[in-house]
Amino acid sequence: MSAAVRARGLHRTYGRGRNAYHAVRGVDLDVGDGEVFALLGTNGAGKTTTLDLLEGLARPDDGTVEIFGLDPHRNRKQVRPQLGIMLQSGGLPAELTVRETLTMWRGTTSNPTTVDHVLEQVELSVRADVRVRSLSGGEQRRVDLASALLGQPRLLFLDEPTTGLDPESRRHTWKLLTDLNDSGVTMVLTTHYLEEAEALADRIAIMHQGTIGRTGTLRDLVHDRPATISFDDPGQPMPPIPGARIDAGARVVITTPDLEHDLFELLSWARHRQIHLEGLDARAATLESVFLDLAGETDAAPSSRNELIGATS
Amino acid sequence: MSTATNAATNGVTSGHTFRRHPLAALARAEYLQFRRNKTLMFMGVAFPIMVPLVFYFIARASEDGATASSVAAALDSYAMYALVFVLFYPMLSMVTTRRGEGVLKRLRTGEATDRQILMAPAVPGLGLIVVSAIVVGAVVYATGAPAPVNPLAFLIALAAGAPLFALLALATSAVTKNAEAAQITALPVMAVAIIGLSTSREPMPEAVADVVDLTPYAAISDLVHLGAEGKVVGVADSVAATDFAGTFAEMGRPLVTLAAWTLIAAAVAYKGFRWDERE
């Protein structure tokens, strides 16, 4: 697989002196042609700054970026026509209609598809003549995505593409992005939704405090992580399974590197004793646990499984 | 997945090439937004056309009728309203609004160049100036005003004034938070322009007038007066007007003044301009 994106030793600092903020501290990454690459991270982890550097919107203080072998900042003219970029927020003129906005964008691109085509892709054809300011946040986000698609890019950079979308629109956007990927479009996306990274990404990188903590496929990331078995305390002496404890909710929780073995032991014991294990749950490690470990937040149980990090700044 | 996208993303595009015109596309969008802003439309149409014509018809109805000097004053007010209220203020308001909406930052992710993005908001105002200049010029000179000494001087005044006031709009937007704040931050440029009008400068003591002559709009005002009556502002009525060729020699000082201000405005705009509200 040839490289669509290649970054080595990226550093970026904002401000100077005391107020200096070292947002990106030595990021290396490679994205193959045709791949979907997700950048996960807490707020302030440096995801957006990293995207700015990859897109050529900002220059790294140190390090190099290549997009299809070219410097995205210096060779902007050659690189930009191949890119579709969706920023984290906004960028649509409030007083234009959706169609007028897309017509404007279309006029700036060198190899555009039609406005009607992208409207269909994001399912906004019926809203074409509505002013942007009258759209919902989710609809505006889809116009934003449509703008990024107008130039028929080979490489899409999507900064939180589905934030603010209702679940149905989110599913639809995933389907659209998957279809685009099937047709050969490479993608680099950031997201707050682990579910989104799981659904879309071939490879995932987890950023924390300006560096990439871990990179790999979902399976790579979770395979050496302990799995969890839990069930309601049956109130009987249990077989000696290491890593078992009883939590505050009177549930037995077993953390195990060998789910299959421990689960077999447990179920054999239960059958032998003719015990029914109420509320039995067994699951492999999730991306969430990997993420929380890296972010150093393992103590605090997240309130919601899908949206760990909360609203953006 | 439609075949159109499939084909293009595989690099197998159809034979014809799309001719892109980023500036035209962006300018068209700016024009649509200008048209939908009632305040800007009112300022852009009423001020430059109505006010100079009212001045002109009042002068015309006086005992002396429309003299070269009163026509020059009316056209002077036209040029001021055109550059300040049709170009400068709307551009300041639009660029600032576009920055607030994140549009400038978003456009920079595309293929349009920085220059195209920044020139687009000037285009609607420039178009309105062309239309209003023709209307005002036609009405004034078709209703018996003395023929201009050098009509080219009008063109030069507007052509040199437009880039200067567009750059002043960009420079001012650097210190303008939002469209409402523009009503305040626009005042210095507006005040300096009004002071540069011939009607402001004529009553001034000579020492003061000599300094005010070097302000941006005063230089444009001088060019307008050279065109309409063959002399710059401040020359006594008894001094004979110069002829067509002579006006070109007189243009030196105002043009150098304008060039200097254009460089200063460009430097301030270049150094201070912000693409993103959060910068």
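Heads up: the protein sequence lines correspond to chains X and F, in order. The numbering used here puts the last residue of the first sequence at 1078; the count rises by one with no breaks. The numbering used here puts the last residue of the second sequence at 281; the count rises by one with no breaks. All C-beta atoms in this analysis are idealised placements derived from N, C-alpha and C, irrespective of residue type, glycine included.
Reference A159 of chain F; option with closest CA among F:L85, F:V214, F:V97 and F:D215:
As a first step, residue 159 of chain F must be located in the second sequence, where it is residue number 157. Cα-wise, what sits closest to A159 of chain F is F:L85.
Counterpart residues of H973 of chain X in DSSP-defined beta bridges
Sequence index remark: in the first sequence, residue 973 of chain X carries index 208 (1-based). Partner(s): X:T976.
Using the beta-carbon of each residue, which ones in chain X are nearer than 7 Å to R255 of chain F?
Against the second sequence, residue 255 of chain F aligns to sequence position 253. Those do not exist, as R255 of chain F stays about 41 Å from chain X at its closest Cβ, beyond 7 Å.
Stretch pair the stretch 57-70 of chain F + the stretch 23-38 of chain F: three plus CB contacts closer than 8 Å:
Counting Cβ pairs under 8 Å, fewer than three are found: no touch.
Just to make sure I have the definition right: I need the residues of chain X whose C-beta is within less than 7 Å of the C-beta of H227 of chain F. Which are they?
Position 225 of the second sequence, counting from 1, holds the residue named residue 227 of chain F. Neighbours of H227 of chain F on chain X: none; closest Cβ ~39 Å, over 7 Å.
Under 8 Å (Cβ pairs) to chain F, residues found in the stretch 854-878 of chain X:
Residues S854, G855, G856, L857, P858, A859, E860, L861, E865, T866, T868, M869, W870, R871, G872, T873, T874, S875, N876, P877 and T878.
Would you tell me roughly how many angstroms separate the C-alpha atoms of A161 of chain F and M253 of chain F, rounded to the nearest one?
By 1-based counting over the second sequence, the position of residue 161 of chain F is 159. By 1-based counting over the second sequence, the position of residue 253 of chain F is 251. When rounded, the separation of the alpha-carbon atoms in A161 of chain F and M253 of chain F is 14 Å.
Starting from Y779 of chain X, follow the beta strand (DSSP E) in both directions and report where the run begins and ends.
Taking the first sequence and counting its residues from 1, the one referred to as residue 779 of chain X is at position 14. Secondary structure note for Y779 of chain X: its beta strand (DSSP E) is the uninterrupted segment A768 to Y779.
List the residues of chain F that E820 of chain X touches, going by C-beta distances under 7 Å, in chain order.
By one-based count along the first sequence, residue 820 of chain X stands at place 55. Neighbours of E820 of chain X on chain F, chain order: T111.
Between M43 of chain F and S79 of chain F, what straight-line distance do the alpha-carbon atoms span, to the nearest angstrom?
Position 41 of the second sequence, counted from the first residue, corresponds to residue 43 of chain F. Position 77 of the second sequence, counted from the first residue, corresponds to residue 79 of chain F. When rounded, the distance between both Cα atoms is 18 Å.
Can you give the beta carbon distance from G799 of chain X to T951 of chain X, rounded, assuming they're within the 8 Å contact cut?
Locating residue 799 of chain X in the first sequence gives position 34, where the first residue counts as 1. Locating residue 951 of chain X in the first sequence gives position 186, where the first residue counts as 1. In this structure G799 of chain X is in contact with T951 of chain X, their Cβ atoms being roughly 6 Å apart against a cut-off of 8 Å.
Pick out whichever of X:T874, X:D1027, X:G774 and X:T980 has its Cα sitting closest to the Cα of I850 of chain X.
Residue 850 of chain X sits at position 85 when you count from the first residue of the first sequence. The candidate whose alpha carbon is nearest that of I850 of chain X is X:T874.
Contact list for the stretch 841-852 of chain X against chain F, Cβ threshold 7 Å
When C-beta distances to chain F are compared with 7 Å, the residues of the stretch 841-852 of chain X below that value are R845, P846, I850 and L852, in chain order.
So, helix, strand or coil for L835 of chain X, using DSSP?
Mapped onto the first sequence, residue 835 of chain X falls at position 70. The answer is strand: DSSP assigns L835 of chain X an E or B state.
Helix, strand or coil for S71 of chain F, going by three-state DSSP, please let me know.
Along the second sequence, one-based indexing puts residue 71 of chain F at 69. Looking at S71 of chain F - three-state DSSP - the assignment turns out to be helix.
K812 of chain X: buried (16+ other C-beta within 10 angstroms of its C-beta) or exposed?
The sequence position of residue 812 of chain X within the first sequence is 47, counting from 1. In the assembly as shown, K812 of chain X is a buried residue. Its beta-carbon has 16 or more other beta-carbons within 10 Å.
Where G1008 of chain X and E1053 of chain X are concerned, what is the direct C-alpha to C-alpha distance, given to the nearest angstrom?
If you number the first sequence from 1, residue 1008 of chain X lands on position 243. If you number the first sequence from 1, residue 1053 of chain X lands on position 288. Rounded to whole angstroms, G1008 of chain X to E1053 of chain X spans 20 Å at the Cα level.
Measure how close the beta-carbons of R906 of chain X and V863 of chain X come, nearest whole angstrom, since I'm counting them as under 8 Å.
Locating residue 906 of chain X in the first sequence gives position 141, where the first residue counts as 1. Locating residue 863 of chain X in the first sequence gives position 98, where the first residue counts as 1. Incorrect: roughly 12 Å between the Cβ atoms, too far for contact.
Give the DSSP-derived three-state secondary structure of T829 of chain X in the structure shown.
Your numbering for residue 829 of chain X matches position 64 in the first sequence. Three-state result, T829 of chain X: strand.
Run the CB neighbour count on A1065 of chain X, radius 10 Å, all protein chains shown included, and call it buried at 16 or more, exposed below.
Here residue 1065 of chain X is taken as the residue at index 300 of the first sequence, counted from 1. In this prediction, A1065 of chain X has a pLDDT of 42, which is less than 50 and means its spatial position is unreliable; nothing more can be read from the coordinates.
Stretch pair the stretch 1023-1038 of chain X + the stretch 952-962 of chain X: three plus CB contacts closer than 8 Å:
Segments in contact, no.
Where the stretch 203-222 of chain F meets chain X: residues whose CB sits under 7 Å from a CB there:
Residues are counted here when their Cβ sits less than 7 Å from a Cβ of chain X; for the stretch 203-222 of chain F the count is zero.
What are the start and end residues of the beta strand (DSSP E) that includes V47 of chain F?
As a position in the second sequence, residue 47 of chain F is number 45, starting the count at 1. Unbroken run through V47 of chain F is the alpha helix (DSSP H), K40 to V47; no beta strand (DSSP E).
To the nearest angstrom, how far is it from the Cα of R38 of chain F to the Cα of E860 of chain X?
As a working mapping, residue 38 of chain F is identified with position 36 in the second sequence. As a working mapping, residue 860 of chain X is identified with position 95 in the first sequence. If you draw a straight line from the Cα of R38 of chain F to the Cα of E860 of chain X, it comes to about 8 Å.
Short check: CB of L1028 of chain X to CB of A1035 of chain X, under 7 Å?
Position 263 of the first sequence, counting from 1, holds the residue named residue 1028 of chain X. Position 270 of the first sequence, counting from 1, holds the residue named residue 1035 of chain X. Using a Cβ distance threshold of 7 Å, L1028 of chain X and A1035 of chain X do not count as a contacting pair.
Excluding the 5 residues preceding and the 5 following A1050 of chain X in the sequence, name in chain order all residues of the same chain whose CB lies nearer than 7 Å to its CB.
Here residue 1050 of chain X refers to the residue found at position 285 when the first sequence is read from its first residue. Residues of the same chain with a CB within less than 7 Å of the CB of A1050 of chain X, apart from the 5 flanking positions on each side, are V987, R990, P991 and A992 in chain order.
Going by C-alpha to C-alpha distance, which of X:D817, X:A1060 and X:A810 sits closest to L921 of chain X?
Within the first sequence, residue 921 of chain X is the residue found at index 156, counting from 1. Selected option, being the one with the closest Cα: X:D817.
Could I get the ranges of all uninterrupted beta strand (DSSP E) runs contained in the stretch 860-908 of chain X, with 3 residues as the minimum, in chain order?
Fully enclosed beta strand (DSSP E) runs of 3 or longer: not present.
Taking DSSP's pairing of strands, which residues face M952 of chain X in a bridge?
In the first sequence, the residue the question calls residue 952 of chain X occupies position 187. M952 of chain X is bridged to X:V801 and X:L921.
Which same chain residues, not among the five before or five after V1018 of chain X, have their C-beta less than 8 Å away from its C-beta?
Taking the first sequence and counting its residues from 1, one reaches residue 1018 of chain X at position 253. Apart from the 5 residues on each side of it in sequence, V1018 of chain X sits with its Cβ closer than 8 Å to the Cβ of T993, I994, S995, A1009, R1010, I1011 and D1012 in its chain, given in chain order.
Since L28 of chain F meets chain X, which of its residues come closer than 8 Å, beta carbon to beta carbon?
Looking up residue 28 of chain F in the second sequence gives position 26. Here the neighbours are M869, G872 and T873.
Rounded to the nearest angstrom, what separates D215 of chain F and T111 of chain F at their Cα positions?
Here residue 215 of chain F refers to the residue found at position 213 when the second sequence is read from its first residue. Here residue 111 of chain F refers to the residue found at position 109 when the second sequence is read from its first residue. Between D215 of chain F and T111 of chain F, the C-alpha separation is close to 43 Å.
Can you tell me whether F246 of chain F is buried or exposed? The criterion is at least 16 other CB atoms within 10 Å of its CB, across all chains shown.
As a position in the second sequence, residue 246 of chain F is number 244, starting the count at 1. Exposed, by the Cβ-count rule.
Quick one, are the C-beta atoms of G127 of chain F and L94 of chain F less than 7 Å apart?
Along the second sequence, read from residue 1 onward, the residue named residue 127 of chain F stands at position 125. Along the second sequence, read from residue 1 onward, the residue named residue 94 of chain F stands at position 92. No. Outside cutoff.
I'd like to know if the stretch 180-191 of chain F and the stretch 112-125 of chain F are in contact, where contact means that at least 3 CB-CB pairs between them fall below 8 Å.
Touching, no, given that fewer than three Cβ pairs across the two stretches are closer than 8 Å.
C-beta neighbour in chain X for R117 of chain F, strict 7 Å
Taking the first residue of the second sequence as 1, we reach residue 117 of chain F at position 115. Not flagged as an interface residue toward chain X: R117 of chain F, since no C-beta distance is shorter than 7 Å.
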